[in-house]
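Q:
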Amino acid sequence: MKILVAGLFLVLFAACGTGTKTEEKTFAEALDETSLNSTILTGEVNEILNRIPSPLEISVLLKESGKKYDAAFLNSPENVSKYNTNYKRALNLGIYGTDLGYTNIYEQTQDGVRYMSTIRNLANDLNIGQFFEMETIGRLVSNNNNLDSLLLITTQNFNAINHYLQSQDRSHLSVLFLTGGWLEALHITCQVAKLTPENHQLQETIGTQKIILDNLIHLLSMFKETDHNMGTLFTDLQDLKQAFDKVSITTIYKPSSFEIVDGVMVVKDNSVSTVEITQADIESIRTITQSIRTKVIS
Amino acid sequence: MKQLLVFVICVLICGSGANAQCNSETLSSQCIPKLASGFNFLKSYKVERGGKEYVEYSYVFTKGTQYMINICGSEQNPDGIIVTLYDSKRNMVATNKVKDQYINAIAYPCNATGIYYIQYTFDESSGCGGSALGFKR
Chain C
64 MKILVAGLFL VLFAACGTGT KTEEKTFAEA LDETSLNSTI LTGEVNEILN RIPSPLEISV
124 LLKESGKKYD AAFLNSPENV SKYNTNYKRA LNLGIYGTDL GYTNIYEQTQ DGVRYMSTIR
184 NLANDLNIGQ FFEMETIGRL VSNNNNLDSL LLITTQNFNA INHYLQSQDR SHLSVLFLTG
244 GWLEALHITC QVAKLTPENH QLQETIGTQK IILDNLIHLL SMFKETDHNM GTLFTDLQDL
304 KQAFDKVSIT TIYKPSSFEI VDGVMVVKDN SVSTVEITQA DIESIRTITQ SIRTKVIS
Chain S
379 MKQLLVFVIC VLICGSGANA QCNSETLSSQ CIPKLASGFN FLKSYKVERG GKEYVEYSYV
439 FTKGTQYMIN ICGSEQNPDG IIVTLYDSKR NMVATNKVKD QYINAIAYPC NATGIYYIQY
499 TFDESSGCGG SALGFKR
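Sequence lines, in order, name chains C and S. First residue of the first sequence: 64, per the working numbering; consecutive thereafter. First residue of the second sequence: 379, per the working numbering; consecutive thereafter.
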């Protein structure tokens, strides 16, 4: 009984900590050095993962550029039978996720259904199929008037997958999923930029992917020693980084101003960033991206 | 001894109940449909103070894209929750607190691509809320 009471008091005092920092300290003290490092690592991985932008932003930009929908840019759903390892499944789940966003933005219903079905199969193989509300999505896909709802629910589904993988200590799959999604968005952008060399907005968008690539390389570096496939992908992205190293991004900060319009604070950003990128840089980035993507989708 | 045990268990149950009162998950979900028309949903954020001074997330914003960050407090919006946006060098870009007024949403047309930090702090707040991030071109 004394032991039970002592145990309860210990739990009570631990629960009465004044805040997260105290709780973290208590928790950390109970762990050995290796586990503590891995706790910090997991926090850092998740923080970086959550800052990677949605490929949907690029799909909207591509449609805005006036370039028509082209299914030839995308990974064929028929390739799904090739992906029989979790490494390939997670990477291609990201690739198909970007493709689905692209078909949705262009309101290509038939292709959207095929990609959705492919994504569900891959997600089931990764034991994360429960996050896709297929009945709802199918209804939205077949009704073009519900584009906003479709984009919302698919974004929520993909966010839920990422949160779930991170909470289940399967962050490495989340890293692959986001890397695949980013790689596909870069690939499509490079293809469209090749066809529209006068579009400076697209060139600048390609150049700014340097920032995201740096984050993805940092993430992969944390897994490259423990996972051979992720080590290979890390090396491949290092090659791409060499091409991006020629791109220069300069930002000049100036304090912003604001006005309140209809209860919303509307900011005027007075900072400016400029991207210096040549056609040769874009060609180099396009070639290396295509080479990496071919390895991933094969 | 039994009384002591009952007391300790009661304190434990009451304590866990107090923590469970903040449903930041629900509040962040409730924030999504409150994004202004034309904005596509990107992320929902749980804003739960706990013992922390601030809650922070980061996201890569792209030049030429307009972002909206809104806040949903547990009682009234935004319930003393201050959202401040910093650029990659920690320069302040925007905050929803103007003098003593708290604005529910910030619209930020980004002019410089980079990592941005979305930081939530608390002024006489329950310290519990949600937030959503959206974009439009």
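Ideal Cβ placement from N, Cα and C applies to all residues, glycine included.
To the nearest angstrom, how far is the alpha carbon of Met285/C from that of Lys477/S?
A: Residue numbering aside, residue 285/C sits at position 222 when the first sequence is read from its first letter. Residue numbering aside, residue 477/S sits at position 99 when the second sequence is read from its first letter. Rounded to whole angstroms, Met285/C to Lys477/S spans 44 Å at the Cα level.
Q: At a Cβ threshold of 9 Å, is Gly442/S touching chain C?
A: For this step, residue 442/S is matched to residue 64 along the second sequence. Chain C, which has a Cβ nearer than 9 Å to the Cβ of Gly442/S, makes this yes.
Q: Check whether the Cβ atoms of Ser509/S and Asp457/S lie closer than 9 Å to each other.
A: Translated into the one-based positions of the second sequence, residue 509/S becomes position 131. Translated into the one-based positions of the second sequence, residue 457/S becomes position 79. The beta carbons of Ser509/S and Asp457/S sit no closer together than 9 Å.
Q: Return no unless some Cβ of chain A is closer than 9 Å to the Cβ of Cys450/S.
A: Given the protein chain composition of this structure (C and S), no chain A is represented.
Q: Specify whether the stretch 298-305 of chain C and the stretch 448-467 of chain S touch according to this definition: at least 3 beta carbon pairs, one from each stretch, less than 8 Å apart.
A: At 8 Å Cβ cutoff, the stretches do not touch.
Q: Please tell me whether Pro260/C has its Cβ less than 9 Å away from any Cβ of chain S.
A: Taking the first sequence and counting its residues from 1, the one referred to as residue 260/C is at position 197. Not one chain S Cβ lies under 9 Å of Pro260/C.
Q: On the CB-based measure, 16 or more other CB atoms within 10 Å of its CB, does Glu96/C come out buried or exposed?
A: In the first sequence, the residue the question calls residue 96/C occupies position 33. Since pLDDT at Glu96/C reaches only 32, below the 50 mark, its modelled position is unreliable, and no value is offered.
Q: Please say whether Asn155/C and Leu185/C have beta carbons closer to each other than 9 Å?
A: By one-based count along the first sequence, residue 185/C stands at place 122. By one-based count along the first sequence, residue 155/C stands at place 92. Result yes, Cβ atoms of Leu185/C and Asn155/C sit closer than 9 Å.
Q: Give the DSSP bridge partners of Thr271/C, in chain order.
A: In the first sequence, counting from the first residue as 1, residue 271/C sits at position 208. According to DSSP, which records beta bridges pairwise, Thr271/C is partnered with nothing at all.
Q: Along the stretch 452-480 of chain S, what residues have a CB closer than 9 Å to any CB found in chain C?
A: Leu463, Asp465, Ser466, Lys467, Asn469, Met470, Val471, Ala472, Thr473, Asn474, Val476, Gln479
Q: Inspect the beta-carbon positions of Gly244/C and Thr161/C and report whether they are closer than 9 Å.
A: If you number the first sequence from 1, residue 244/C lands on position 181. If you number the first sequence from 1, residue 161/C lands on position 98. Yes, these two residues count as a Cβ contact at 9 Å.
Q: How about Ser422/S: is its C-beta nearer than 9 Å to some C-beta of chain C?
A: The residue you call residue 422/S lines up with position 44 of the second sequence. Ser422/S counts as touching chain C.
Q: Take every Cβ of the stretch 188-195 of chain C, pair it with every Cβ of the stretch 221-238 of chain C, and state whether three or more of those distances are shorter than 8 Å.
A: Contact holds: three or more Cβ-Cβ distances are below 8 Å.
Q: Using the Cβ count rule (16 or more neighbours within 10 Å means buried), how would you classify Leu104/C?
A: Start at 1 with the first residue of the first sequence, and residue 104/C comes out as number 41. Counting Cβ neighbours within 10 Å, Leu104/C comes out exposed, since fewer than 16 surround it.
Q: Classify Val324/C as buried or exposed, calling it buried when 16 or more other Cβ atoms lie within 10 Å of its own Cβ.
A: Residue numbering aside, residue 324/C sits at position 261 when the first sequence is read from its first letter. Classification for Val324/C: exposed.
Q: Using a Cβ-Cβ distance cut-off of 9 Å, determine whether Val438/S contacts chain C.
A: Here residue 438/S is taken as the residue at index 60 of the second sequence, counted from 1. Yes, because at least one Cβ of chain C sits closer than 9 Å to the Cβ of Val438/S.
Q: Could you spell out the range, first to last residue, of the beta strand (DSSP E) harbouring Val338/C?
A: Position 275 of the first sequence, counted from the start, is the residue given in the question as residue 338/C. From DSSP, the beta strand (DSSP E) with Val338/C extends over 335-339.
Q: If you check the beta carbons only, do Ala472/S and Phe321/C fall under 9 Å apart?
A: The residue labelled residue 472/S in the question sits at position 94 within the second sequence. The residue labelled residue 321/C in the question sits at position 258 within the first sequence. Going by C-beta atoms, Ala472/S is nearer than 9 Å to Phe321/C.
Q: List, in order along the chain, the chain C residues whose C-beta lies closer than 8 Å to that of Cys339/S?
A: For chain S, the structure presents residues 379 to 515; residue 339/S sits outside this window and is missing.
Q: Go through its chain and collect everything with a Cβ distance to Asn333/C's Cβ below 8 Å, but skip five positions before and after it.
A: Translated into the one-based positions of the first sequence, residue 333/C becomes position 270. These residues qualify, in order along the chain: Lys317, Pro318, Ser319, Ser320.
Q: Looking only at C-alpha atoms, which of Gly442/S, Asn455/S, Asn418/S sits nearest to Val425/S?
A: For the purposes of this step, residue 425/S is taken as residue 47 along the second sequence, with counting starting at 1. Out of Gly442/S, Asn455/S, Asn418/S, Asn455/S has the C-alpha closest to the C-alpha of Val425/S.
Q: Closer than 8 Å between beta carbons: that is the criterion. Which residues of the stretch 117-133 of chain C meet it against chain S?
A: Ser117, Leu119, Glu120, Val123, Leu124, Glu127
Q: Excluding five sequence neighbours on each side, which residues of the same chain lie with their C-beta closer than 7 Å to the C-beta of Val338/C?
A: For the purposes of this step, residue 338/C is taken as the residue at position 275 of the first sequence. The answer, listed in chain order, is Glu267, Gly270, Thr271, Val310, Ile312.
Q: Spatial neighbours of Leu276/C within its chain, please: CB distance less than 7 Å, with the 5 preceding and 5 following residues excluded, ordered by chain position.
A: Residue mapping note: residue 276/C aligns to position 213 of the first sequence, counting from 1. Only Leu300, Leu303, Lys304, Phe307 meet the Cβ criterion.
Q: Going by Cα to Cα distance, which pick from Leu137/C, Lys126/C, Tyr159/C is closest to Glu170/C?
A: Against the first sequence, residue 170/C aligns to sequence position 107. Among Leu137/C, Lys126/C, Tyr159/C, the Cα nearest to that of Glu170/C is on Lys126/C.
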